[in-house]
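Chemist: Input: one structure, supplied below.
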Amino acid sequence: MEQEKAQWTQYIASVLADLAQQRGIDPALLEQIPVVVQKPPKPELGDLAVPLFPFARVFRCPPQQIAEETARLLADKGGSVRSEGGYVNITIELGDSASKLFEQIFDRQERYGHTDALKGVRAMVEFSCPNTNKPLHLGHLRNDSLGFSVARILEANGAEVRRVNLINDRGIHICKSMLAYKTFGKGKTPESEGVKSDHFVGNYYVKFAQWAKTEPDAEKEAQRMLQDWERGDESTVALWKLMNRWTVEGIEETYRKTRIAFDDVYYESQTYSRGRDEVLKGLESNAFYRDEEGTVWVDLEHIGLDKKVLLRKDGTSLYLTQDIGTAILRHEQWPFDMMVYVVGNEQQYHFTVLFHVLSMLGYSWADRMYHLSYGMVNLPEGKMKSREGTVVDADDLIAELERMARQEIIDKGREDQVGNLDTTAEEIALGALNYYLLQTTAAKDMVFDPKKSIEFNGNTGPYLQYMGARLSSMIKKHSERFGETSGPVDMSLLTLQDERELIKITARFPGAVRQAGEDKNPSVIATYLYEMTRTFSRFYHDTPVLRAESPELMAARITLCKGVLQVLKNGCDLLGMPFLKSM
RNA sequence: GCGUCCGUAGCUCAGUUGGAUAGAGCGCCGGACUUCGAAUCCGUAGGUCGCAGGUUCGAAUCCUGCCGGGCGUACCA
1048 MEQEKAQWTQ YIASVLADLA QQRGIDPALL EQIPVVVQKP PKPELGDLAV PLFPFARVFR
1108 CPPQQIAEET ARLLADKGGS VRSEGGYVNI TIELGDSASK LFEQIFDRQE RYGHTDALKG
1168 VRAMVEFSCP NTNKPLHLGH LRNDSLGFSV ARILEANGAE VRRVNLINDR GIHICKSMLA
1228 YKTFGKGKTP ESEGVKSDHF VGNYYVKFAQ WAKTEPDAEK EAQRMLQDWE RGDESTVALW
1288 KLMNRWTVEG IEETYRKTRI AFDDVYYESQ TYSRGRDEVL KGLESNAFYR DEEGTVWVDL
1348 EHIGLDKKVL LRKDGTSLYL TQDIGTAILR HEQWPFDMMV YVVGNEQQYH FTVLFHVLSM
1408 LGYSWADRMY HLSYGMVNLP EGKMKSREGT VVDADDLIAE LERMARQEII DKGREDQVGN
1468 LDTTAEEIAL GALNYYLLQT TAAKDMVFDP KKSIEFNGNT GPYLQYMGAR LSSMIKKHSE
1528 RFGETSGPVD MSLLTLQDER ELIKITARFP GAVRQAGEDK NPSVIATYLY EMTRTFSRFY
1588 HDTPVLRAES PELMAARITL CKGVLQVLKN GCDLLGMPFL KSM
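Here you go:
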């Protein structure tokens, strides 16, 4: 399809050049205006559209007239060329390019749509980054979805990708759940209470908050515990290890559920001292300075920012210090060409500072770091607030989505046809969740409505999965009844509008993958897939495939369906949506 | 206050390298299953693209100002 576009661009440019010559117009003027080929707003108008408005000035006549003359001069180039308004609209013969396109789809299969835009690029993607004092919530799920999907999309564009997690396992907030457990835990364990281990720890974090309301010394005691921890006090460290293990194990269970994984996991407790070393080096090179109290600062006023503390006067590290160390460590271990931090937009300032500080330390790769910032997830009832206990727990939410999916399967009486009911419900829930979280542009705050997400109508994950299932089922029936298609298929038989639309849209998939990669934006893929699936639904509803008028037409249509299925599978894969043959 | 992001139909969202009467879904109302899975499909109604200027043949899209909202502006993360 790209070839046709290039071809027609050239035709039009040369026709315009001829026209200019006839009228004695300076060709140099013409060359300054590019010929733009775009998609007409409605399929009836054609396959390609070229606006001629910009040429009106050069030709000193109305764009409509230029369009008419251009269309007339292109009449012998094949296809159907019409002028409408100031546009030249072209309907092309799709047969040949469709044959090539589908040949390529079946040849490349799960690699169809992949590009080499980022070939040779090493990209590290950091996402998730939980604290070890509580389980994951809905906000983490958006983060995980985004991180996973962006990583897949970068891979699909040819990059070598390394997924990394950074676990925030130190600091005062960790000590709070530890202190509450030490005070109220009485040797209880997740096993003894029958509670998932990260929730078990999280409950003590909540307990601390309640306790601190009536016990003024609670905060002070937590501070003391942090000092004990930093000193390496044996029993404190032992408790810390035990409780961190509980949380991390619980969170890992959630990761298994949502099917995300990392190539490397960093722990803040292991990287923060490296940050301190790097800051001290920067002090030597005068990138930073120390005040009379001994606090180390960076002055960013020359770029319109504030002064920031990098090391406290007692020598302890801050979040920023730690991130400096982690970045340098990572680049040493795996020299990346691109670093993507998937972190909420409340930390925009932090990353602006981090990148500048790294650059002040002389790391040239600092300008290849990117903060993929995303907005908050709200509920239909309003904002999630931890103080008011309206935070949606990740495990609870997933369980609820699974329950709704399972109920729907039972209501439709499809228990016997789906194979494993639990697995199917789980995969529908995951498809619903990831699609819903990824269809909205990352930068925007969004409203997550669990009920809407799991609906099988409309712009949802289950809708896409359902179309995949029907498509699979039809293709299976086809091969059972007619065997595998072999020999040449005449794609030029596909002349219905829906068929032509499907051909063009499958051809657009690599472009969508490329754009999603450039923008680091999975919603490009979500929007694309929904448009394709909707077009397919209409086709499927209106057009018989297995009962087509002729064997040749059936072969062409089933080929079309197989191509659409492949694109749907590949697209779902980029969004972390399980593909289902039956549901 | 300053910084930053956002503001498109009743609701949830696309569309922003400027291009044709601004698109979907949900919801409302009305249709379509003797046929490949109706968990589907089709149709009707619904919009001063926050407001005001500017640039342009042409602006939801670019520029300026204003209004409204989120987030930040910690020796928290």
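My numbering applies: residue 1048 is where the first sequence begins, and numbers increase by one.
Backbone N, C-alpha and C define an ideal beta-carbon position, used for all residues, glycine too.
Remember, it's a predicted structure, so these values are computed and weren't measured experimentally.
1. Where do the N-terminal and C-terminal ends of the alpha helix (DSSP H) with M1601 fall, by residue?
2. Starting from S1420, follow its DSSP beta bridges and name the residues at the other end.
3. Rounded to a whole number of angstroms, what is the C-alpha to C-alpha distance between F1195 and D1143?
4. For the alpha helix (DSSP H) that L1518 lies in, which residues bound it at each end?
5. Would you please state the rounded distance, in angstroms, between the beta carbons of S1026 and K1628? I believe it to be under 8 Å.
6. Got a sec, what are the start and stop residues for the beta strand (DSSP E) A1170 sits in?
7. Within the continuous alpha helix (DSSP H) that includes N1250, where are the two ends?
8. Which whole-angstrom value is the C-beta distance of K1360 and T1373, which I expect to be below 8 Å?
9. Would you please state the rounded distance, in angstroms, between the beta carbons of D1537 and A1603? I believe it to be under 8 Å.
10. Output the distance between the C-alpha atoms of V1548 and E1157, rounded to the nearest integer angstrom.
11. What are the complete alpha helix (DSSP H) segments, minimum 4 residues, inside the segment 1323-1402?
12. So, are the CB atoms of I1522 and K1432 less than 8 Å apart?
13. Kindly indicate which residue of F1586, T1606, F1247, V1571 has the alpha-carbon position closest to the one of L1200.
14. For I1307, is the classification buried or exposed, using 16 other Cβ atoms within 10 angstroms of its Cβ as the cut-off for buried?
15. Given a cut-off of 8 Å on the beta-carbon distance, is the pair R1321 and I1375 in contact?
16. Do L1480 and L1448 have their CB atoms nearer than 8 Å?
17. Kindly indicate which residue of G1297, E1339, E1262, M1290 has the alpha-carbon position closest to the one of G1234.
18. I need the DSSP call for P991, collapsed to helix, strand or coil.
19. Going straight from the alpha carbon of Y1252 to that of F1556, what length do you get?
20. With a 10 Å radius around its C-beta and 16 neighbouring C-beta atoms as the bar for buried, classify T1003 as buried or exposed.
21. Would you kindly report the start and end of the unbroken alpha helix (DSSP H) that includes Y1314?
22. I need the boundaries of the beta strand (DSSP E) containing Y1134, first residue and last residue.
23. Just the C-alpha distance for L1622 and Y1483, rounded to the nearest angstrom, thanks.
24. So A1103 and Y1134 are in contact, right, with Cβ under 8 Å, and what is the actual spacing, rounded?
25. Kindly identify the DSSP beta-bridge partner or partners of H1184.
26. Since V1390 and A1170 should fall inside the 8 Å C-beta cutoff, what is the C-beta to C-beta distance between them, to a whole number of angstroms?
27. My output table needs one value for E1202: the three-state DSSP class, helix, strand or coil.
28. To the nearest angstrom, how far is it from the Cα of M1493 to the Cα of I1605?
29. By the DSSP assignment, the beta strand (DSSP E) with S1146 in it spans what residues?
30. Residues in the same chain with beta-carbon distance under 8 Å from Q1512, minus the five sequence neighbours each way, listed in chain order, please.
31. Apart from the five residues just before and just after L1148, which ones in its own chain have a Cβ nearer than 8 Å to its Cβ?
32. Identify every residue that forms a DSSP beta bridge with N1425.
33. Taking the beta strand (DSSP E) that N1291 belongs to, which residues open and close that run?
34. With C-beta atoms as the reference, is L1273 less than 8 Å away from I1219?
35. Contact between the segment 1323-1338 and the segment 1392-1408: three or more CB pairs below 8 Å?
36. Consult DSSP for L1543 and reduce its assignment to one of helix, strand or coil.
Modeler: This is what the structure gives:
1. By one-based count along the first sequence, residue 1601 stands at place 554. M1601 -> alpha helix (DSSP H) spans 1598-1622.
2. Residue mapping note: residue 1420 aligns to position 373 of the first sequence, counting from 1. In the DSSP output, where bridge partners are listed per residue, S1420 has V1390.
3. Reading the first sequence from its first residue, position 148 is the one you call residue 1195. Reading the first sequence from its first residue, position 96 is the one you call residue 1143. Their Cα atoms are separated by approximately 37 Å.
4. Residue 1518 sits at position 471 when you count from the first residue of the first sequence. In the DSSP assignment, L1518 falls within the unbroken alpha helix (DSSP H) covering 1508-1529.
5. The first residue shown for the chain is 1048 and the last is 1630, placing residue 1026 beyond what the model contains.
6. Indexing the first sequence from 1 puts residue 1170 at position 123. For A1170, the enclosing beta strand (DSSP E) covers residues 1169-1173.
7. The residue given as residue 1250 occupies position 203 in the first sequence. Segment 1244-1261, the alpha helix (DSSP H) holding N1250.
8. As a first step, residue 1360 is located in the first sequence; it is residue number 313 there, counting from the start. As a first step, residue 1373 is located in the first sequence; it is residue number 326 there, counting from the start. Taking the Cβ atoms as the reference, K1360 lies roughly 23 Å from T1373, outside the contact range of under 8 Å.
9. Along the first sequence, one-based indexing puts residue 1537 at 490. Along the first sequence, one-based indexing puts residue 1603 at 556. That pair is a contact at about 6 Å.
10. Counting from 1 along the first sequence, the entry for residue 1548 is found at position 501. Counting from 1 along the first sequence, the entry for residue 1157 is found at position 110. Per the sequence presented here, residue 1548 reads as Glu, with Val not at that position. Between E1548 and E1157, the C-alpha separation is close to 22 Å.
11. Listed in chain order, they are 1366-1380.
12. If you number the first sequence from 1, residue 1522 lands on position 475. If you number the first sequence from 1, residue 1432 lands on position 385. Not closer than 8 Å, so no.
13. Residue 1200 sits at position 153 when you count from the first residue of the first sequence. Note that residue 1200 is Ile in the sequence shown here, rather than Leu. The residue with the shortest Cα to Cα distance from I1200 is V1571.
14. What you label residue 1307 is simply residue 260 of the first sequence in a count that begins at 1. Buried.
15. Along the first sequence, one-based indexing puts residue 1321 at 274. Along the first sequence, one-based indexing puts residue 1375 at 328. A contact, by the Cβ cut-off of 8 Å.
16. Counting from one through the first sequence, the residue named residue 1480 turns up at place 433. Counting from one through the first sequence, the residue named residue 1448 turns up at place 401. The Cβ-Cβ distance between L1480 and L1448 falls below 8 Å.
17. Here residue 1234 corresponds to residue number 187 of the first sequence, with the count starting at 1. Out of G1297, E1339, E1262, M1290, M1290 has the C-alpha closest to the C-alpha of G1234.
18. The displayed coordinates of the chain run from 1048 to 1630. Any statement about residue 991 would go beyond what the structure contains.
19. Here residue 1252 corresponds to residue number 205 of the first sequence, with the count starting at 1. Here residue 1556 corresponds to residue number 509 of the first sequence, with the count starting at 1. When rounded, the distance between both Cα atoms is 47 Å.
20. Lying outside 1048 to 1630, the shown extent of the chain, residue 1003 is not represented and no answer is given.
21. Start at 1 with the first residue of the first sequence, and residue 1314 comes out as number 267. According to the DSSP assignment, Y1314 belongs to no alpha helix (DSSP H) but to the beta strand (DSSP E) extending over 1311-1314.
22. Locating residue 1134 in the first sequence gives position 87, counting from the first residue. Its beta strand (DSSP E) spans residues 1134-1138.
23. By one-based count along the first sequence, residue 1622 stands at place 575. By one-based count along the first sequence, residue 1483 stands at place 436. So the two alpha carbons sit approximately 10 Å from each other.
24. Within the first sequence, numbered from 1, the residue matching residue 1103 stands at position 56. Within the first sequence, numbered from 1, the residue matching residue 1134 stands at position 87. In this structure, A1103 and Y1134 do not form a Cβ contact; the two beta carbons are roughly 12 Å apart against a cut-off of 8 Å.
25. By one-based count along the first sequence, residue 1184 stands at place 137. Answer is D1440, bridged to H1184.
26. Start at 1 with the first residue of the first sequence, and residue 1390 comes out as number 343. Start at 1 with the first residue of the first sequence, and residue 1170 comes out as number 123. Their Cβ separation, rounded to whole angstroms, is 16 Å, which puts V1390 and A1170 out of contact at 8 Å.
27. Position 155 of the first sequence holds residue 1202. Assigned with DSSP and collapsed to three states, E1202 falls in helix.
28. Here residue 1493 refers to the residue found at position 446 when the first sequence is read from its first residue. Here residue 1605 refers to the residue found at position 558 when the first sequence is read from its first residue. Here the alpha carbons of I1605 and M1493 stand approximately 39 Å from one another.
29. What you label residue 1146 is simply residue 99 of the first sequence in a count that begins at 1. If you look at S1146, you'll find it isn't in any beta strand (DSSP E); it sits in the alpha helix (DSSP H) that goes 1142-1155.
30. Translated into the one-based positions of the first sequence, residue 1512 becomes position 465. Excluding residues within five positions, the ones whose Cβ falls inside 8 Å are E1474, I1475, G1478, C1619, M1624, P1625, F1626, L1627, M1630.
31. Translated into the one-based positions of the first sequence, residue 1148 becomes position 101. Same-chain partners within the cutoff: M1048, I1550, T1553, A1554, G1610.
32. Indexing the first sequence from 1 puts residue 1425 at position 378. V1494.
33. As a first step, residue 1291 must be located in the first sequence, where it is residue number 244. Element bounds for N1291: not the beta strand (DSSP E) but the alpha helix (DSSP H), 1281-1305.
34. Counted from its first residue, the first sequence places residue 1273 at position 226. Counted from its first residue, the first sequence places residue 1219 at position 172. Cβ distance < 8 Å, so L1273 and I1219 count as in contact.
35. Under the Cβ criterion (8 Å, minimum of three pairs), the segment 1323-1338 counts as touching the segment 1392-1408.
36. Within the first sequence, numbered from 1, the residue matching residue 1543 stands at position 496. DSSP, reduced to helix, strand and coil, places L1543 outside both helices and strands of the structure shown, so it counts as coil.
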